[in-house]
Amino acid sequence: MSANNDSIQKTILVAVLLCLVCSIIVSTAAVSLKPLQVQNKLEDKRKNILAAAGLLQAGKSIAEQFEQVTTRIVNLQTGAYATATELAELTAAGYPVASFDQRRLSKDGNYSAALPGKEDPASIKRLEKYAAVFLIEKEGQVDRIILPVHGYGLWSTLYGFVALEGDAETIAGLGFYAHGETPGLGGEVDNPSWKALWVGKKVHDAGGAVAIDVVKGKVVAGNANEINQVDGLSGATLTSVGVRNLMRFWLGERGFAGYLANLKGQGV
Ligand SMILES: Cc1cc2nc3c(=O)[nH]c(=O)nc-3n(C[C@H](O)[C@H](O)[C@H](O)COP(=O)(O)O)c2cc1C
Numbered sequence: 000m001s002a003n004n005d006s007i008q009k010t011i012l013v014a015v016l017l018c019l020v021c022s023i024i025v026s027t028a029a030v031s032l033k034p035l036q037v038q039n040k041l042e043d044k045r046k047n048i049l050a051a052a053g054l055l056q057a058g059k060s061i062a063e064q065f066e067q068v069t070t071r072i073v074n075l076q077t078g079a080y081a082t083a084t085e086l087a088e089l090t091a092a093g094y095p096v097a098s099f100d101q102r103r104l105s106k107d108g109n110y111s112a113a114l115p116g117k118e119d120p121a122s123i124k125r126l127e128k129y130a131a132v133f134l135i136e137k138e139g140q141v142d143r144i145i146l147p148v149h150g151y152g153l154w155s156t157l158y159g160f161v162a163l164e165g166d167a168e169t170i171a172g173l174g175f176y177a178h179g180e181t182p183g184l185g186g187e188v189d190n191p192s193w194k195a196l197w198v199g200k201k202v203h204d205a206g207g208a209v210a211i212d213v214v215k216g217k218v219v220a221g222n223a224n225e226i227n228q229v230d231g232l233s234g235a236t237l238t239s240v241g242v243r244n245l246m247r248f249w250l251g252e253r254g255f256a257g258y259l260a261n262l263k264g265q266g267v
């Protein structure tokens, strides 16, 4: 009897059946949990948008808090909001406003183009044609403009949001929701004390050029550019330079400069 159970055929049969049962369990779990994963991902993104704007409240549902946010799609080449025709085309191509996936768009040859090295200080390789921006209005006026940003640090691409006040000039907050920098070094981009240093800084200098900067070491108090400068992360100069470059890129000509100029002149 035991000799029978130890036969090669039975061992293989048990192994095959076990694999089959396990694979059914795993695939059922993966399929049934997919909608929950999509929902959690969306909720996490919304949470990060609210956090960057300094508006995240504990104990209140994200969906409820996000009701104050309007999502708009901006054509980065014109600096204007996407027209109804463009929106319809994007929806048909699988990029509806409600679940606009800019990361996927940046890899889509129909909606992005390669950036030559010298035009790519943030090392993003490809630039998408459209970006989703998030607006919070108060009494009919834009109060916060939240823009997606990304770029290379030392080890990884950092993805985040920068929030501007209604003047499209003053930084209201910055936060990265994905990166692979070293905890304690470049990972200090997540440190609330460092993020707080950005609040109140100005994007442009007096001449209107994008001047936001992360300096090496501490900002020298009273220097002429103090209003544009944030302390570098100690022991993480390369991540700090990466953040400076990505901020300048996305707030500059190839990024949101045209849109922000339009917004200031209400020409969007
Ligand atoms: C294991 C290890 C992890 C590091 N991680 C980072 C990092 O995440 N970001 C960064 O800018 N530098 C990191 N560095 C340090 C860089 O290699 C480099 O020395 C540093 O950016 C120079 O900055 P400093 O002039 O502020 O020291 C790391 C170094 C080591 C050995």
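In numbering that gives the first Met the number 0, the protein residues as written are 0 to 267. Idealized CB from N, CA, C, for every residue including glycine.
Beta-carbon gap between residue i and residue j smaller than 9 Å
{"i": "glycine 53", "j": "phenylalanine 255", "result": "no"}
{"i": "valine 295", "j": "alanine 131", "result": "The structure shown does not extend to residue 295, since the chain is modelled only from 0 through 267, so no value can be given for it."}
{"i": "alanine 81", "j": "valine 73", "result": "yes"}
{"i": "glycine 152", "j": "glutamate 180", "result": "yes"}
{"i": "lysine 40", "j": "leucine 75", "result": "no"}
{"i": "asparagine 47", "j": "phenylalanine 160", "result": "yes"}
{"i": "glycine 174", "j": "glycine 241", "result": "no"}
{"i": "valine 198", "j": "isoleucine 170", "result": "yes"}
{"i": "alanine 29", "j": "glycine 172", "result": "no"}
Inter-residue spacing [alpha-carbon to alpha-carbon] between residue i and residue j
{"i": "asparagine 3", "j": "valine 20", "result": "23 Å"}
{"i": "glutamate 252", "j": "proline 182", "result": "32 Å"}
{"i": "serine 26", "j": "proline 34", "result": "14 Å"}
{"i": "glutamate 85", "j": "aspartate 100", "result": "15 Å"}
{"i": "alanine 195", "j": "serine 60", "result": "24 Å"}
{"i": "serine 233", "j": "tryptophan 249", "result": "24 Å"}
{"i": "cysteine 18", "j": "glutamine 36", "result": "25 Å"}
{"i": "asparagine 224", "j": "aspartate 204", "result": "8 Å"}
Three-state class that DSSP yields for residue i in the structure shown
{"i": "arginine 102", "result": "helix"}
{"i": "methionine 0", "result": "Its pLDDT being 48, under 50, methionine 0 is placed unreliably in this model, and the coordinates cannot settle the point."}
{"i": "lysine 200", "result": "coil"}
{"i": "alanine 28", "result": "helix"}
Buried or exposed (CB count within 10 angstroms, at least 16 for buried), residue i
{"i": "arginine 102", "result": "exposed"}
{"i": "proline 191", "result": "exposed"}
{"i": "proline 147", "result": "buried"}
{"i": "glutamine 228", "result": "buried"}
Open item on the list: Extract the residue ranges of the beta strand (DSSP E) inside the stretch 90-176, only unbroken runs of 3 or more that lie entirely within it.
Closed with: 111-113, 125-127, 129-137, 140-151, 156-164
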